[in-house]
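Colleague: Convert by adding 22 to the 1-based position in the sequence shown; the result is the number in this note's numbering. Glycine included, C-beta positions come from ideal geometry on N, C-alpha and C.
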Amino acid sequence: MKMIIKTIAIIAMSLTLGGTAAAVEYTKGEVTKIDAKQKKLTIRHEELKNLDMPPMKMVFVVADEAMLEQLEEGQRIEFVAEKVNGRLTVTEIK
Ligand SMILES: [Cu+2]
């Protein structure tokens with residue numbers, strides 16, 4: 023009986039870890055322009071797999087204004103972008 027519980031616990035743990043890894047995938051990019059007033063960020067990004075987008079330079083909005091404070095133009099970042107309310111939004115920056 024103890025053995026079964028242990029096995030279930032291990033399976034549950036690996037499922038949790040696997041789910042987390044799949045959900046957050048960071049993409050590399052370079053900040054080329056910061057527009058704090060509009061809460062916008064221009065990034066030259068590598069392929070965005072979750073958005074099915076090839077590498078390009080484009081404008082994103084940021085989920086949180088505070089994210090811009092830690093950035094400067096020319097900085098290389100790793101970030102997560104998602105479509106939020108129809109707008110391409112940077113939701114996380116490493
Ligand atoms: Cu793009």
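#1: Tell whether a beta-carbon distance below 8 Å holds between T49 and K55.
#2: According to the neighbour-count rule (16 or more other Cβ atoms, all chains shown, within 10 Å of its Cβ), is A88 buried or exposed?
#3: Looking at K71: is its Cβ nearer than 8 Å to the Cβ of E100?
#4: Closer than 7 Å from C-beta to any heavy atom of ligand 1: which residues, in chain order?
#5: Which residues bound the beta strand (DSSP E) around M75?
#6: At what residues does the beta strand (DSSP E) containing D57 begin and finish?
#7: Can you find the residues in the same chain that come closer than 6 Å, C-beta to C-beta, to E114, ignoring five residues on each side of it along the sequence?
#8: Would the beta-carbon of V81 fall within 8 Å of that of K61?
#9: For E47, decide whether its Cβ has a neighbour in chain B, counting only Cβ atoms nearer than 8 Å.
Modeller: In terms of the structure at hand:
#1: Indexing the sequence shown from 1 puts residue 49 at position 27. Indexing the sequence shown from 1 puts residue 55 at position 33. No. Outside cutoff.
#2: In the sequence shown, residue 88 corresponds to position 66, counting from 1. Exposed: under 16 other Cβ atoms inside 10 Å.
#3: Within the sequence shown, residue 71 is the residue found at index 49, counting from 1. Within the sequence shown, residue 100 is the residue found at index 78, counting from 1. No, the Cβ-Cβ distance between K71 and E100 is not below 8 Å.
#4: H67, L70, M75, M78 and M80
#5: The sequence position of residue 75 within the sequence shown is 53, counting from 1. Following the DSSP letters along the chain, one finds M75 in no beta strand (DSSP E), marked with neither H nor E.
#6: Locating residue 57 in the sequence shown gives position 35, counting from the first residue. Per DSSP, D57 belongs to the beta strand (DSSP E) from T49 to D57.
#7: Residue mapping note: residue 114 aligns to position 92 of the sequence shown, counting from 1. These residues qualify, in order along the chain: V102.
#8: Translated into the one-based positions of the sequence shown, residue 81 becomes position 59. Translated into the one-based positions of the sequence shown, residue 61 becomes position 39. No.
#9: The question asks about chain B, but that chain is absent: this structure has only one protein chain.
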